[in-house]
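Peer 1: One structure is given below, represented as structure tokens, and several questions about it will come after.
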Amino acid sequence: MHNGQIKATPVVGLVGNPNSGKSSLFNVLTGLRQRIGNFPGVTVEKKAGMLKLPGLPTIELIDFPGAYSCYPTSLDERLVVQELTNPEGELFPDAILYVADITKLDKHLLLFTQLRDLDLPMILVLNMADLMESDGLTVDIPTLSKKLGVPVIPVSSRDHRGIGELKEAIAGLLREPDAFRPRQPFYEPAASARDVLAELRQELPARNDYHALLLAHHAPWLKHIPEQTRHHVQEARVRHGFHSLRAQVEETMDRYNSFEPIVRDTVRHAGDNDSLSDRIDSIVTHPIAGPLIFVVLMLLLFQALFAWASIPMDLIEWTFGTLGDTVRQTLPAGWFTDLLVDGIIAGLGGVLVFVPQIAILFFFIAILEEVGYLARAAYMFDSLMQRFGLNGRSVVALVSGHACAIPAIMSTRTIANWKERLLTILVTPLTSCSARIPVYVILISFAVPQVAYLNGLISLQGLAFAGLYFLGITGAMLSALAFKYVLDTPERSFLMLELPEYRVPVWRNVGTTVWQKSKTFVVEAGKIIMIISVILWAASTYGPPEDMAAANRLASDKAQELSLSEDDAADLIASERLEASYAGHLGKFIEPVIKPLGYDWKIGIALLTSFAAREVFVGTMATIYSIGSTDDEFRIRERLAEERDPETNEMVYNPATAWSLLIFYVFAMMCMSTLAVTRRETNSWKWPVVQFVFMTAIAYVGAMVVYQVLA
């Protein structure tokens, strides 16, 4: 917007502190008209959506990362400052919706006053207005609006209170951005800052003095500051004795002194200060009860993954089995039918069957985040994390890693200390992500008997499942401790974290999270599985002509010698052809390396394909074992249970091999996407290589020890 003219696509930015309810409001305003990507040039997630208002062009709404002030301590906060101090940038907003928690207004106005002094058109959105009655809050909206110099709109993302008024205010602000002009700034720079600004004001691309001050503070890293100007800024700072850190502290204290009286005059609290959240925290964050509650919650989560998902899993498995049978009976026999049934349907079915468990996992993590528990976990485990060279915020990454390591690694941007962030990135993939669920579910059925206690409330298989997750966490912590000493990280950081009030989850947000994350998992896994399943089918069906011909002759001779039935003969031929195929040759090539772990060449093929993504293991086994005449090719668990070593006639998937595979998959770095994200986040190939080597080494040694002990 320039000179009062509304742009063809106005940009409105949602800005506010973490835990202010910004994302919930974004979901309410945009609905499903959202796009997820990254901000240009960085790996910070960008959420953009479209908002339609009467009489205005379609508005692009951008959900900026949460930030506490214009003096950033994380990459997310740097992104906010970068974009809001660059009027020439594509994402510079025409107006800002500053979202603040109405119950914690005194803590959320620091960044607001800084942005107000940048002379940006703003609306102060007091979120969570539905809590005013229960918390005994009264707010003098007209006075607050007058003293802050902006429209103030109380809203509730939960029950949509005030959303209509907010939309009207947005339209009014876009039409008349100069209607609310600040009478005076909240902060006046100190003498040393004024001297620097006097020298540089003409050179700095700033709209006012405070804008120029921020550019002077952050010139060394702001991308839109010319290199020559950076040198001039540094020289001026030295010449006038301008100490940036000291000036930031002084400014922060002055700002609190300016807006705290406004809050005291306009916001009234009823009752005592011992809120319900405080009383709950006395238990949930207790040094003894807190960790016990955390462990119990995790155990319940993993038990639910087994108990709740069994029926939908059986239904999906039956559906794909029926689909495969129907396709085979409908289409004529031939390579295309085999490709469709054995390659595509079998591979996809082997992964989609686990979607219920993945959705349940995302469901629980979304609830824990919505109610405010994940922030408590970060606070509670900070001192413990520090001992291992990590940070309290590392807990959020480690817990999120149970869903997917990729967003978990990206979440480490909130860790200001580089070494602690690096350690968190390196060890987060050791936490068992949702992609391991398919592997765990199948192999646990071979490793652990199906025994239940307390009327089915607790099962041995569920405990084993939880045990694998805790083993991954233990491995992550011990690896972090080793890296702490190897990398020599003497510096410590301090956790700055606001604990949000406990709230009932907004089920719309939970549902949106489960849908988006599950959809992303299925789509991303589906791409890989489609390609690998087709390649595997071709590699398992075709081979060197002379070898395939010899396999056919050998199988026919054996079938005649043993007087096998037609179906058994077909199975024998398929087995011999698989061994003679290109896939069989590759498996045989690596078999000597994996033999000490208890694996045959067929498992070797699955291990290789799993390096694309762990969940491909199941699709690979479904593809390999669906080559033949058997009619239950989609019931992969039963098919694996029937597999026997042709030399010893013993079960291939015995407890020793199953446990060896489980240990291997707990520790192995088998996800190319995670390695790519590590490369982007560390800006170096060194750390992904280190990550891959140390995780694969732990996996190989651990699996070998387990197999040799149990075999």
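Residues 349 to 1059 (my numbering) make up the sequence shown, in order. Every residue, glycine too, gets a C-beta built ideally from N, C-alpha and C. Owing to the predicted nature of the structure, the values given are computational and were not obtained by experimental measurement.
Going by beta-carbon coordinates alone, are Ala-694 and Phe-711 separated by less than 9 Å?
Peer 2: Numbered from 1 along the sequence shown, position 346 holds the residue referred to as residue 694. Numbered from 1 along the sequence shown, position 363 holds the residue referred to as residue 711. No, the pair does not count as a contact, with Cβ atoms beyond the cut-off.
Peer 1: Is it right to say Ile-1046 is buried, meaning 16 or more other beta carbons lie within 10 angstroms of its own, or is it exposed?
Peer 2: Position 698 of the sequence shown, counted from the start, is the residue given in the question as residue 1046. So Ile-1046 counts as buried.
Peer 1: In the DSSP assignment, what are the bridge partners of Ser-929?
Peer 2: As a working note, residue 929 is residue 581 in the sequence shown. Bridge partners of Ser-929: none, in fact.
Peer 1: How would you label Asp-613, buried or exposed, when you count the other beta carbons within 10 angstroms and need 16 or more for buried?
Peer 2: Taking the sequence shown and counting its residues from 1, one reaches residue 613 at position 265. When all chains shown are included, Asp-613 counts as exposed.
Peer 1: Sort Leu-562, Leu-826 and Trp-683 by Cα distance to Leu-459 and report the nearest one.
Peer 2: Position 111 of the sequence shown, counting from 1, holds the residue named residue 459. Checked all of Leu-562, Leu-826 and Trp-683; the closest Cα to Leu-459 is Leu-562.
Peer 1: For the beta strand (DSSP E) that contains Ile-471, what are its first and last residues?
Peer 2: Stepping through the sequence shown from its first residue, residue 471 is reached at position 123. Residues 470 to 475.
Peer 1: With a 10 Å radius around its C-beta and 16 neighbouring C-beta atoms as the bar for buried, classify Glu-436 as buried or exposed.
Peer 2: Within the sequence shown, the letter at position 88 stands for residue 436. So Glu-436 ends up on the exposed side.
Peer 1: Take Phe-642 as the anchor and find which of Leu-492, Ser-625 and Ile-713 has the nearest alpha-carbon.
Peer 2: Translated into the one-based positions of the sequence shown, residue 642 becomes position 294. Here the closest residue by C-alpha is Ile-713.
Peer 1: Under 8 Å: do the segment 1019 to 1037 and the segment 818 to 826 share three or more Cβ pairs, one atom per stretch?
Peer 2: Short answer: they don't touch.
Peer 1: Which stretch, first to last residue, makes up the beta strand (DSSP E) that contains Pro-502?
Peer 2: Here residue 502 refers to the residue found at position 154 of the sequence shown. Counting along the chain, the beta strand (DSSP E) containing Pro-502 begins and ends at 500 to 502.
Peer 1: Whole-angstrom Cβ separation of Leu-738 and Leu-771, contact assumed at under 8 Å?
Peer 2: On the sequence shown, residue 738 is found 390 positions in, with the first residue counted as 1. On the sequence shown, residue 771 is found 423 positions in, with the first residue counted as 1. With 8 Å as the limit, Leu-738 and Leu-771 qualify as a contact, their Cβ atoms being about 6 Å apart.
Peer 1: Inspect the CB distances between the segment 776 to 795 and the segment 996 to 1011 and report whether three or more fall short of 8 Å.
Peer 2: Touching, per the Cβ criterion.
Peer 1: Going by CA-CA distance only, name the one from Ala-356, Ala-652 and Leu-377 that's closest to Arg-856.
Peer 2: Mapped onto the sequence shown, residue 856 falls at position 508. Per the Cα distances, Leu-377.
Peer 1: Would you mind reading off the limits of the beta strand (DSSP E) that contains Ala-954?
Peer 2: On the sequence shown, residue 954 is found 606 positions in, with the first residue counted as 1. Not the beta strand (DSSP E): Ala-954 falls in the alpha helix (DSSP H), residues 949 to 958.
Peer 1: Pick helix, strand or coil for Ala-448, following the three-state DSSP scheme.
Peer 2: For this step, residue 448 is matched to residue 100 along the sequence shown. Strand, per DSSP.
Peer 1: Output the boundary residues of the alpha helix (DSSP H) element that contains Val-1037.
Peer 2: Taking the first residue of the sequence shown as 1, we reach residue 1037 at position 689. Per DSSP, Val-1037 belongs to the alpha helix (DSSP H) from 1034 to 1058.
Peer 1: Three or more C-beta pairs under 8 Å: does that hold for the segment 393 to 403 against the segment 515 to 524?
Peer 2: They touch, by the three-pair rule.
Peer 1: Where are the alpha helix (DSSP H) runs, 4 residues long or more, that stay fully inside the segment 483 to 561, in chain order?
Peer 2: Within the segment 483 to 561, the complete alpha helix (DSSP H) runs of at least 4 residues are 489 to 496, 511 to 523 and 539 to 548.
Peer 1: Could you tell me how far apart the beta carbons of Leu-926 and Ser-866 are, in whole angstroms, since I believe they sit closer than 8 Å?
Peer 2: Working through the sequence shown from its first residue, we reach residue 926 at position 578. Working through the sequence shown from its first residue, we reach residue 866 at position 518. Their Cβ separation, rounded to whole angstroms, is 33 Å, which puts Leu-926 and Ser-866 out of contact at 8 Å.
Peer 1: With distances taken between CB atoms, is the gap from Leu-496 to Arg-464 smaller than 9 Å?
Peer 2: Here residue 496 refers to the residue found at position 148 of the sequence shown. Here residue 464 refers to the residue found at position 116 of the sequence shown. Yes, the pair counts as a contact, with Cβ atoms nearer than the cut-off.
Peer 1: Buried or exposed for Asp-730, please, with buried defined as at least 16 other CB atoms from any protein chain shown within 10 angstroms of its CB.
Peer 2: Indexing the sequence shown from 1 puts residue 730 at position 382. Buried, because 16 or more other Cβ atoms sit within 10 Å of the Cβ of Asp-730.
Peer 1: Where does Ser-368 fall in DSSP's three states?
Peer 2: As a working mapping, residue 368 is identified with position 20 in the sequence shown. Coil, per DSSP.
Peer 1: So, under 8 Å CB-CB, Ala-756 and Val-743 are touching, yes? Tell me the CB distance rounded to an integer number of Å.
Peer 2: Taking the sequence shown and counting its residues from 1, the one referred to as residue 756 is at position 408. Taking the sequence shown and counting its residues from 1, the one referred to as residue 743 is at position 395. That pair is no contact at about 11 Å.
Peer 1: Report the three-state DSSP secondary structure of Met-1017 (helix, strand or coil).
Peer 2: As a working mapping, residue 1017 is identified with position 669 in the sequence shown. Here Met-1017 sits in coil by DSSP.
Peer 1: For Asn-300, collect the residues of the same chain with a Cβ closer than 6 Å to its Cβ; drop the 5 residues on either side in sequence, then sort them by chain order.
Peer 2: Past the edges of the chain, shown from 349 to 1059, lies residue 300, and the structure says nothing about it.
Peer 1: Per DSSP, what are the beta-bridge partners of Gly-361 in this structure?
Peer 2: On the sequence shown, position 13 is the one that residue 361 refers to. Answer is Ile-410 and Ile-444.
Peer 1: If you check the beta carbons only, do Pro-499 and Leu-472 fall under 9 Å apart?
Peer 2: Numbered from its first residue, the sequence shown carries residue 499 at position 151. Numbered from its first residue, the sequence shown carries residue 472 at position 124. Going by C-beta atoms, Pro-499 is nearer than 9 Å to Leu-472.
Peer 1: Just list the residues that DSSP pairs Ser-807 with in beta bridges.
Peer 2: Locating residue 807 in the sequence shown gives position 459, counting from the first residue. According to DSSP, Ser-807 bridges with Ala-800.
Peer 1: So, at 7 Å on beta carbons, what are the nonlocal neighbours of Gly-589 in its own chain, with the 5 sequence-adjacent residues on each side left out?
Peer 2: Numbered from 1 along the sequence shown, position 241 holds the residue referred to as residue 589. Result list for Gly-589: Ser-540, in chain order.
Peer 1: Using only the alpha-carbon positions, how far apart do Gly-1014 and Val-719 sit?
Peer 2: Within the sequence shown, residue 1014 is the residue found at index 666, counting from 1. Within the sequence shown, residue 719 is the residue found at index 371, counting from 1. Note that residue 1014 corresponds to Val in the displayed sequence, not to Gly. Cα to Cα, Val-1014 sits roughly 29 Å from Val-719.
Peer 1: Kindly list the residues whose CB is nearer than 6 Å to the CB of Ser-417, restricted to its own chain and excluding five residues on each side of it in sequence; keep chain order.
Peer 2: Looking up residue 417 in the sequence shown gives position 69. Excluding residues within five positions, the ones whose Cβ falls inside 6 Å are Leu-458 and Leu-459.
Peer 1: Here's the rule: buried if 16 or more other CB atoms are within 10 angstroms of the residue's CB, otherwise exposed. What is Phe-831?
Peer 2: Position 483 of the sequence shown, counted from the start, is the residue given in the question as residue 831. With 16 or more other Cβ atoms within 10 Å, it is buried.
Peer 1: Reducing DSSP to helix, strand and coil, say where Ala-356 ends up.
Peer 2: Walking along the sequence shown from the start, residue 356 turns up at place 8. Correct three-state label for Ala-356: coil.
Peer 1: Going straight from the alpha carbon of Asp-979 to that of Leu-649, what length do you get?
Peer 2: Along the sequence shown, one-based indexing puts residue 979 at 631. Along the sequence shown, one-based indexing puts residue 649 at 301. Because Asp-979 sits at a pLDDT of 39, beneath the cut-off of 50, its placement in the model cannot be relied upon, and the point is left open.
Peer 1: Would you kindly check if the distance between the Cβ of Val-870 and the Cβ of Val-703 is under 9 Å?
Peer 2: Residue 703 sits at position 355 when you count from the first residue of the sequence shown. Residue 870 sits at position 522 when you count from the first residue of the sequence shown. Contact flag set, yes.
Peer 1: Can you check whether the CB of Ile-410 is closer than 9 Å to the CB of Val-447?
Peer 2: Position 99 of the sequence shown, counted from the start, is the residue given in the question as residue 447. Position 62 of the sequence shown, counted from the start, is the residue given in the question as residue 410. Contact flag unset, no.
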